[in-house]
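Asks:
In our numbering, the protein residues as written are 23 to 822.
Pasting the structure below:
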């Protein structure tokens with residue numbers, strides 16, 4: 023009755039006052055309308071602003087994808103120099119796992135020297151390389167056999183996908199690999215919805231029933247939050263537009279809801295899910311944020327998406343709720359509980375059967391001990407060289423965050439052995455009376471000119487000054503082989519057997535200026551063969567030869583072979599030019615390659631985000647001309663004598679005689695700089711060791727840099743150096759004549775075919791005949807042509 027009385031009273035008031043309502047109601051209505059107007063006035067443009075942000079970030083589904091830098095693929099072939107430890111190093115660097123089976127892509131099994139390897143597919147400079155399962159047998163320091171493990175057929179060669187060595191990020195260090203929704207495992211797509219958002223296909227961005235359900239579950243569990251209330255669309259909005267790691271506030275939650283509604287209004291469910299799997303935050307390593315499910319799979323398990331097990335999929339689903347809180351490396355118990363909850367939901371929804379459910383719950387977490395993704399730059403010296411070589415075609419801004427794939431020539435095993443050799447050698451040499459030592463090193467492949475390893479600092483992970491490229495120091499005796507190279511280009515006048523005078527020498531430099539270089543041991547050695555003058559690095563003999571061939575020609579040769587600009591003064595003969603290890607590696611590449619002019623390259627090619635080749639840098643060099651090849655081989659024989667009987671003979675004591683290496687030591691005045699350049703049948707390495715303040719170190723080439731070289735090649739598989747007999751005539755010589763092999767004191771040396779000294783049975787006779795020579799770079803310096811003569815066939819030969 024009271025209610026009706028009040029209504030009557032209300033009607034009476036209206037009748038008495040006409041149609042006007044009480045004043046307070048009028049003010050309330052006006053206030054509400056005003057508030058609504060203000061709200062709409064703010065909300066409408068605000069929603070338009072947020073809509074613009076959504077369009078800008080998600081409209082084309084484009085994110086800042088880092089540029090990735092890869093090592094070279096590991097090529098396996100019967101006869102290739104390889105041992106089990108090196109192969110394991112290569113596989114570990116490329117994130118292969120030893121699972122005892124080698125059946126799934128990215129896994130291998132090892133039984134002593136036998137490996138079964140399942141490679142992943144990848145794109146190389148010459149196109150896509152399909153995944154393959156191979157069996158490799160190692161024996162005697164090389165690949166004994168290579169077979170297709172599925173077809174049981176022998177293979178001539180196989181390539182394994184390369185290791186990732188660096189990442190070039192943009193403004194944000196976001197690690198991401200874009201995937202299509204179709205490439206995400208069905209268990210992951212459906213399982214994520216079962217755990218995080220079971221009504222995803224029906225709601226429009228926010229799920230009120232889900233909120234109520236989460237509240238009810240929390241009440242039943244005593245207040246413990248076991249089920250999230252945010253939809254997948256809200257999570258996408260939170261990670262993609264609001265950013266991660268910020269405290270949740272009512273304002274942020276309101277923006278998240280508006281973003282979610284806009285996303286649902288603009289895009290279909292397929293697009294939203296695909297964006298989710300490419301954007302959502304899944305972990306952190308230092309400054310490196312892991313976004314998207316593909317990067318998360320590599321980060322947590324070191325595996326590709328399509329190779330994940332049920333329990334690993336469940337763990338990814340579980341930790342997306344809070345990657346820091348459920349971090350399986352730091353909080354394994356929390357992660358296990360969350361993973362098992364995800365498995366429960368997947369089982370309840372029928373995604374997995376009873377047997378798989380029980381197996382997966384009993385399985386360990388399965389995460390790798392260390393994150394599967396590299397930090398931004400693990401190899402700063404090598405990546406610095408990569409940047410330098412790309413700078414002409416790709417400015418820094420065009421590389422960072424561009425999603426490119428930079429394919430390099432790095433060998434992870436060679437890089438590891440080089441870094442280890444530098445660290446061990448410096449540790450063994452440093453003492454209180456010696457200044458702090460530094461090192462620079464470049465290691466190359468002699469067949470193709472690939473740069474396999476670079477060390478620019480004793481602290482190999484330290485960025486900054488790259489001594490392999492930037493440190494220019496006096497090279498000393500490293501130039502002597504090129505002095506003799508020019509001499510041997512005149513076979514009418516010079517050969518390895520030629521006698522040269524190693525007595526005090528005076529060079530007139532100008533008015534009242536003289537140069538009188540001495541030998542390192544301050545002794546003269548009389549008349550010696552040219553090969554011995556080089557092997558023992560005699561200064562006086564080298565200066566005599568160098569002045570006859572002319573320092574100007576030496577300067578020109580350095581420019582042609584390595585782009586080195588050096589003043590053509592007499593002191594250049596003994597290495598009075600400051601050069602970097604990289605420049606000297608480029609110079610020695612001519613000798614190590616057998617006379618080919620091979621431009622060194624760290625970069626093999628660049629691919630766009632779709633895997634299309636943009637530019638290739640590893641084009642095969644032109645074959646060596648006959649004259650170049652012969653000259654390079656003659657010097658190589660002499661440099662092998664450096665190791666067998668000269669300044670590098672300690673390498674024999676280190677057990678490296680099996681490689682028949684060629685090399686040259688170098689030392690600057692007062693022992694400030696120690697150098698060694700040496701090569702085998704597969705590899706060249708140039709090493710510098712010294713002090714940044716140019717202080718005396720007391721080291722010679724053989725006691726400093728050569729120790730690093732020895733440390734590398736004691737571990738790095740490499741083919742022995744064989745000198746081909748093509749164009750060479752090997753003869754036994756005594757005095758100035760060729761003679762019989764059994765003649766006392768006879769030595770076996772190579773000559774340019776047709777220019778061997780006359781034969782005398784164990785006697786001394788006439789000197790070699792008149793001038794003749796082949797083509798190649800000799801003609802660039804106006805050297806005489808070789809006389810036409812039919813050479814006699816000669817057997818293959820090498821130094822004894």
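Even for Gly, the Cβ is constructed at its ideal location relative to N, Cα and C.
1) Residue 407 and residue 213: beta carbons closer than 8 angstroms?
2) Name, in chain order, the residues that DSSP records as bridge partners for residue 705.
3) By DSSP, does residue 404 sit in helix, in strand, or in coil?
4) May I have the straight-line CA-CA distance separating residue 725 from residue 686, to the nearest angstrom?
5) Look at the alpha carbon of residue 216 and the alpha carbon of residue 292, and state the distance between them as a whole number of angstroms.
6) Just to confirm before moving on: does the CB-CB distance between residue 306 and residue 623 stay below 8 angstroms?
7) To which residues of the same chain is residue 181 closer than 6 angstroms at the C-beta, ignoring the five residues directly before and after it?
8) Could you give the uninterrupted runs of the alpha helix (DSSP H) lying entirely in the region 338–418, keeping only those of 4 residues or more?
9) To the nearest angstrom, report how far apart residue 736 and residue 490 are at their CA atoms.
10) Return the CA-CA distance between residue 463 and residue 493, expressed in angstroms with no decimal places.
11) Using the C-alpha atoms, what's the distance from residue 694 back to residue 155?
12) State the DSSP-derived secondary structure class of residue 731, mapped to helix, strand or coil.
13) How would you call residue 790, buried or exposed, if buried means at least 16 neighbouring beta carbons within 10 angstroms?
14) Determine the direct distance from the alpha carbon of residue 330 to that of residue 383, and round the result to whole angstroms.
15) Do you know offhand how far residue 772's Cα is from residue 783's?
16) Determine contact between the region 294–305 and the region 331–350, defined as no fewer than three beta-carbon pairs at a distance below 8 angstroms.
17) Would you call the region 431–438 and the region 474–487 touching, i.e. three or more CB-CB distances under 8 angstroms?
18) For residue 733, does the count of other Cβ atoms within 10 angstroms reach 16, so buried, or fall short, so exposed?
19) Taking 8 angstroms as the threshold, find out whether the region 641–656 comes into contact with the region 610–619 through three or more Cβ pairs.
20) Could you name the residues of the same chain whose beta carbon sits closer than 6 angstroms to that of residue 353, not counting the 5 residues immediately before and after it, in chain order?
21) Using 8 angstroms for Cβ pairs, my map puts residue 89 next to residue 363. What's the rounded Cβ distance?
22) Out of 134, 143, 141, 603, which has the shortest C-alpha to C-alpha gap to residue 162?
23) By alpha-carbon positions, which one of 716, 284, 714, 708 ends up nearest to residue 723?
24) Is it buried or exposed, residue 414, if we count other Cβ atoms within 10 angstroms and call 16 or more buried?
25) Please look up how many angstroms separate the CB atoms of residue 576 and residue 506, rounded, as I've assumed it's under 8 angstroms.
26) Run through DSSP, which three-state label would residue 561 get?
27) In three-state terms, what does DSSP make of residue 569?
28) By DSSP's criteria, residue 583 is part of a beta bridge. Which residues make up the other side?
29) Terminal residues of the continuous beta strand (DSSP E) containing residue 303?
30) If I measure Cβ to Cβ from residue 882 and keep anything under 6 angstroms in the same chain, skipping five residues before and after, which residues do I get?
31) Thinking just about the alpha-carbon of each residue, which of 517, 109, 203, 256 is nearest to the one in residue 160?
32) For a quick check, are the C-beta atoms of residue 87 and residue 202 less than 8 angstroms apart?
33) Please state if the CB of residue 388 and the CB of residue 119 are separated by a distance shorter than 8 angstroms.
34) With distances taken from CA atoms, which of 589, 512, 562 is nearest residue 599?
35) Does the Cβ of residue 587 have 16 or more other Cβ atoms within 10 Å, making it buried, or fewer, making it exposed?
36) To the nearest angstrom, report how far apart residue 730 and residue 672 are at their CA atoms.
Replies: In terms of the structure at hand:
1) no
2) 467
3) helix
4) 13 angstroms
5) 16 angstroms
6) Their beta carbons are not under 8 angstroms apart, which means residue 306 does not touch residue 623 by this criterion.
7) Closer than 6 angstroms at Cβ, skipping near neighbours: 95, 97, 151.
8) DSSP runs (the alpha helix (DSSP H)) wholly in the region 338–418: 354–370, 376–384, 402–412.
9) 21 angstroms
10) 11 angstroms
11) Between residue 155 and residue 694, the C-alpha separation is close to 52 angstroms.
12) helix
13) Below a pLDDT of 50, predicted positions are generally treated as unreliable, and residue 790, at 37, falls in that range; the measurement from the model is reported next regardless. Per the 10 Å Cβ criterion, buried.
14) Each residue's Cα considered, the two are about 15 angstroms apart.
15) 18 angstroms
16) yes
17) Because the criterion of three Cβ pairs below 8 angstroms is met, the region 431–438 and the region 474–487 touch.
18) Counting Cβ neighbours within 10 Å, residue 733 comes out buried, since at least 16 surround it.
19) With three or more CB-CB distances shorter than 8 angstroms, the region 641–656 counts as touching the region 610–619.
20) none
21) In fact, because the Cβ distance is near 38 angstroms, the residues do not count as touching under 8 angstroms.
22) With respect to the C-alpha of residue 162, the residue from 134, 143, 141, 603 having the closest C-alpha is 134.
23) Considering only 716, 284, 714, 708, the residue with the shortest C-alpha distance to residue 723 is 708.
24) exposed
25) Between residue 576 and residue 506 a beta carbon distance of about 10 angstroms is seen, past the 8 angstroms cut, so the two are scored as non-contacting.
26) helix
27) helix
28) DSSP lists no partner for residue 583.
29) Note, residue 303: beta strand (DSSP E), 303–307.
30) A query on residue 882 cannot be resolved here, the shown segment of the chain reaching from 23 to 822 and no further.
31) 109
32) No. Outside cutoff.
33) no
34) 589
35) Classification of residue 587: exposed, given that the 10 Å Cβ count is below 16.
36) 12 angstroms
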